[in-house]
Each structure stands twice: as structure tokens, then as C-alpha cells.
Amino acid sequence: MKYLKSSKFLIGLLALSIALGPYARVVAQTPKGAVDPGRRAVFRQNLEEARGGSVKAMTEVGWSYFDGDGTIKSNSEALRWWNQASAMGDLDARNGLGVYLVREPGAGNAEKGVDIFKELAEKKYAPAMRNLGACYEEGRGIEKNLTQALTWYTKAADAGNAPAMLRVGWYYHEGISVKKDAARAFGYFEKAAKAGLIEAADTVGQCHEFGDGTKIDLNKARVCYEKSVEAKYPPAYRNLGRLYLYGSGVTADSTRAFKLFREAMNLNYGQVGYELGYCLERGLGTQQDVISAQMAYLTGQQSGDARCELALARIKPACDLIYDARYRKLKEESEREAKIAMERQLASARAAQAKEDREREEPRMMGKFIMGVVGEALRAGAASSAAADNLDHAGDNSEKCMACGGTGSTPQQRKNYVSGEMETLWLDCAACRGTGRVSN
1399 MKYLKSSKFL
1409 IGLLALSIAL
1419 GPYARVVAQT
1429 PKGAVDPGRR
1439 AVFRQNLEEA
1449 RGGSVKAMTE
1459 VGWSYFDGDG
1469 TIKSNSEALR
1479 WWNQASAMGD
1489 LDARNGLGVY
1499 LVREPGAGNA
1509 EKGVDIFKEL
1519 AEKKYAPAMR
1529 NLGACYEEGR
1539 GIEKNLTQAL
1549 TWYTKAADAG
1559 NAPAMLRVGW
1569 YYHEGISVKK
1579 DAARAFGYFE
1589 KAAKAGLIEA
1599 ADTVGQCHEF
1609 GDGTKIDLNK
1619 ARVCYEKSVE
1629 AKYPPAYRNL
1639 GRLYLYGSGV
1649 TADSTRAFKL
1659 FREAMNLNYG
1669 QVGYELGYCL
1679 ERGLGTQQDV
1689 ISAQMAYLTG
1699 QQSGDARCEL
1709 ALARIKPACD
1719 LIYDARYRKL
1729 KEESEREAKI
1739 AMERQLASAR
1749 AAQAKEDRER
1759 EEPRMMGKFI
1769 MGVVGEALRA
1779 GAASSAAADN
1789 LDHAGDNSEK
1799 CMACGGTGST
1809 PQQRKNYVSG
1819 EMETLWLDCA
1829 ACRGTGRVSN
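When we follow the working numbering, the leftmost residue of the sequence shown carries the number 1399, and every step to the right adds one.
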């Protein structure tokens, strides 16, 4: 079985199911740092009811703060609500206090947490039995003992705890403290899936896909994966996408496969890096993009997928060519932009110099213009003065009237029609008064 028998894949699923949480709750996967709007609404509703005195709501609010489910993670707030509900007799809240003591590094008293689990296990409280089994498995607050771990997991499973059913299934599948029994393991996986555990539904899908503990049934595998995808369980996106990529039990659809791989990556599931990179490298369901494929393979490599290391070596030459071409293009663009910028600077400098020259020349031109106007005015005044002086001089040096011989100071030119020549008469001639005739 390709994925169930992969040690790295198994370790990943073990980590998911071992975590000491509230009944190993499945919190909706959202991008790191984000809060799912739907879960936020649930948290606010529980918070309102807790403030109204609901013990169950108090416990739920405590788990929300502890897991960062619908709100910001806060251990202090989780402990405050759990202590309040535990004092009112709520076993789930008491179990939460035990989980905090065992799981949180800063709590510093795992032994006390184990004591709480033992106390609740005596009361047949299934989640505490399961958590006690996990403590024996990991050696937290108690000496490691896998046989005791299986014992308590089995008791919790028999009491209806779905995460414990999944753990017992893995013990039988891997032969941990018990003889390997794939069929019995599948039975526990299926019980956990029917109890609503999403991880188990995905695991059952893999059993159906590869015929591990049951017959191969690709249609059932698809149904299990789709159910897990609806619950936003990241590994199921990869598994369902793989069916569509290779046409296993379904019509091959690389576009749908690529979308499923991409959604898994968006849910921070780096293990899908190989499948996503494979599609990008070959242009399956999307445009071919070896650079993006390289990024996907790197993510998968960081998640421990050895296939990604080989893929990275395979596409390195193509990526190097693209990087070189991009570098040359960027260099050319940079040089072209630098040239354009230099030309703009020179043009700006020339414009500034021209403006400065104009500003410096304008006063000189204005002065020249004014001097010209003043010169014209002076010359006109001088001419007018000279004319006046001539008239005054003519009055002072009276000449005889050519017509009558009289004298005057105001000349008048007149044509003599007898001789045809111009002659000067004097308008103020005392004898003829400018007529040229003397009256008797």
C-alpha cells in the first residue's frame, strides 16, 4: 500500500492522531494566522452562552481558546473557563486541564496531567482513557509503555471514542505491541470513519484504493476522499487529486486534479508539493511553469518528500536557462530605463538653463527697448524744438513781402501763375496782409 506503508506518511498521520486534544478534535484548516469566519461565529455564540451560565458553553470556549479555533489562541483564557466549568462538575473541562498540563511545554507538570486522566478514566470517561493511552505511548508524565497504551486506546475505542479507534487501527496495521492484522486494522479505521473522524475517512479511502485490509474499490475510495475534502482535510485533497490525475476509477481530469493539489497547498499542506510541482512542470491542468514547479518541489522537499529532490535535479537546467534569460532581460530593461532617465535629466537641465538665460536676458532687452523709446522721444523733441527755433528766427529776421514789399513774420508759400514760380507771402504783412495786393 503506497501511502499507508510509507514511514514518513505514517509518521505524519501518527502526529495528527496522537496530539492530546479535546477528543482529538478536527479543527477546520485555514491559512496560518487566519480565523475561519464560520468558526468565529460558533465561538461568539458559545461565548455569549458561557457568559449566560452554560457549563457546556464554558468548556467549548475554553477549547476554542486553547486550539485557537475561531479566536486567537490564549492558554490563560482557556484555563479560566475550564477551571470555572470544572468547578461545576464538567468532565470535559477537567480533561482540558489535564491536556494543558501534559501538552503545553510551559505547564511543567505532566505528571499531574496524567493523574487527572487516571481520575477521569476511573469514571469511564472515554476521552481521558484515550489521552492516558497517548501518555503511555509518548512517555509524557509517565514511563513509556506501548502495551499499556494499546490497552487504554482499546478501552476508549470500546467506549466509542473515534480517535482511539484510529489509534488501535494503526497499532494493528503496523504490528505495535500486537500481531499485524490489516483486516482488523481496517475494521477499526472504518469504525472511526463512521463515528465522524475525518482522518479516519481519508485512511479508509486509502485502504479501498490500494486494497489494504479490504478489496480494492476505487469508487469507495473516491467517496471517502470527497467526504474528507468537504471537511477540508488537506491530505484528502492530494489523494482525491491523484485519482483524477491518473484516471483511477474516474474519468481523468488533470484540471480538477491541479485545483485539488493547489487547494491543499493553500491549506499549508506542504506534502502535496510533489503532485503540484508535477502538474506545473508538465503543464497538466494548468499552464506549464517550471519556475513555479521548482517552488512547489522545494516545499515538498522541506516536508520530507524524497521524490522532490530528484525532481529538483531534473528541472534545474531548464530553470537556470529561464533565470539567465530573465536576468538578461532585466539588465537590458534596467540599462534602457537608465538611459531614458539620463536623457530626461539632460533635457530638464537644458530647459532649466534656457529658462535661466531668458530670465537673465529679459532685463537687458527691456532696458534696450526703453532706451530706444526714450531716444526716439528725445529725437522727436529735438526736431520739434528746432522747428520752433526756425519759426522764431524767421520772426526775428523779417523779410520783405515779394508781392508788395511789405514786411512780416508769418510766411506762406504761393505759386505765381504769371511766372510759374513759388513765392513767399507774409500773412501778417502790414501792407497787403498776405494777399499780395496793397489796397488804396
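Beta carbons: idealized from backbone N, C-alpha and C, even for Gly.
Helix, strand or coil, according to DSSP, for residue i in the structure here?
{"i": "Met1740", "result": "helix"}
{"i": "Met1486", "result": "coil"}
{"i": "Thr1552", "result": "helix"}
{"i": "Met1399", "result": "Legend: pLDDT at Met1399 = 39, less than 50; position of this residue unreliable, no value from coordinates given."}
{"i": "His1791", "result": "The predicted model places His1791 with a pLDDT of 48, which falls under 50 and marks its position as unreliable, so this point remains unresolved."}
{"i": "Arg1423", "result": "Legend: pLDDT at Arg1423 = 46, less than 50; position of this residue unreliable, no value from coordinates given."}
{"i": "Pro1429", "result": "With a pLDDT of 46 at Pro1429, under the threshold of 50, the predicted position of this residue should be treated as unreliable, though the coordinate-derived value follows. Correct three-state label for Pro1429: coil."}
{"i": "Ala1417", "result": "Confidence at Ala1417 is low in this model, with a pLDDT of 40, below 50, so its placement is unreliable and the value that follows should be read with caution. Coil."}
Using 9 Å as the threshold, is the C-beta distance between residue i and residue j below it?
{"i": "Leu1518", "j": "Ala1526", "result": "yes"}
{"i": "Gln1669", "j": "Ser1701", "result": "yes"}
{"i": "Leu1495", "j": "Ile1470", "result": "no"}
{"i": "Lys1589", "j": "Ala1580", "result": "no"}
{"i": "Gly1683", "j": "Leu1643", "result": "yes"}
{"i": "Cys1717", "j": "Tyr1672", "result": "no"}
{"i": "Lys1625", "j": "Ile1596", "result": "yes"}
{"i": "Phe1464", "j": "Ala1476", "result": "yes"}
{"i": "Ala1372", "j": "Trp1479", "result": "There is simply no residue 1372 to check, as the chain begins at 1399 and stops at 1838 in what is shown."}
{"i": "Glu1679", "j": "Ile1713", "result": "yes"}
{"i": "Leu1616", "j": "Glu1628", "result": "no"}
Which residues mark the beginning and the end of the alpha helix (DSSP H) in which residue i is found?
{"i": "Gln1604", "result": "1596-1608"}
{"i": "Lys1592", "result": "1580-1592"}
{"i": "Gln1692", "result": "1688-1700"}
{"i": "Thr1653", "result": "1652-1664"}
{"i": "Glu1535", "result": "1524-1536"}
{"i": "Pro1632", "result": "1632-1644"}
{"i": "Ala1560", "result": "1560-1572"}
{"i": "Pro1435", "result": "1435-1449"}
{"i": "Ile1514", "result": "1508-1520"}
{"i": "Ala1557", "result": "Where Ala1557 is concerned, there is no enclosing alpha helix (DSSP H), given that its DSSP letter is neither H nor E."}
{"i": "Lys1454", "result": "1453-1465"}
{"i": "Gly1671", "result": "1671-1680"}
{"i": "Ala1619", "result": "1616-1628"}
Let me make sure I understand the geometry here. Which of the options has the alpha-carbon closest to that of residue i?
{"i": "Leu1674", "options": "Ala1749, Leu1638, Asp1556", "result": "Leu1638"}
{"i": "Asn1481", "options": "Ser1462, Glu1730, Ser1472, Thr1457", "result": "Thr1457"}
{"i": "Tyr1676", "options": "Ala1662, Leu1489, Gln1692, Met1663", "result": "Gln1692"}
{"i": "Gly1558", "options": "Arg1528, Leu1744, Tyr1725, Thr1612", "result": "Arg1528"}
{"i": "Ile1398", "options": "Asp1703, Ala1711, Ala1704", "result": "Given that the chain is displayed from residue 1399 to residue 1838, the structure contains no residue 1398 and the question cannot be resolved."}
{"i": "Glu1521", "options": "Leu1489, Ile1540, Leu1544", "result": "Strictly speaking, residue 1521 in this sequence is Lys, with Glu absent from that position. Nearest option by C-alpha distance: Leu1489."}
{"i": "Ser1575", "options": "Lys1542, Asp1556, Ala1591", "result": "Lys1542"}
{"i": "Tyr1667", "options": "Tyr1631, Trp1550, Ala1655", "result": "Tyr1631"}
Taking only heavy atoms of the ligand ADP into account, decide whether any of them is closer than 8 Å to the Cβ of residue i.
{"i": "Ala1711", "result": "This structure does not include the ligand ADP; it has no bound ligands of any sort."}
My understanding is that residue i touches residue j, with C-beta atoms under 8 Å, so please give their C-beta distance in whole angstroms.
{"i": "Arg1636", "j": "Ala1662", "result": "5 Å"}
{"i": "Tyr1586", "j": "Val1566", "result": "5 Å"}
{"i": "Asp1524", "j": "Ala1554", "result": "The amino acid occupying residue 1524 in the given sequence is Ala; Asp does not appear at that position. Indeed they touch by this definition, with Cβ atoms about 5 Å apart."}
{"i": "Tyr1570", "j": "Ala1560", "result": "Contact flag wrong, Cβ pair sits at about 16 Å."}
{"i": "Val1512", "j": "Val1497", "result": "At roughly 11 Å, the Cβ-Cβ gap does not stay under 8 Å, so Val1512 and Val1497 are not in contact."}
Quick one: does residue i have its CB under 9 Å from some CB of chain B?
{"i": "Val1648", "result": "Absent here is chain B; the protein component of the structure consists of one chain."}
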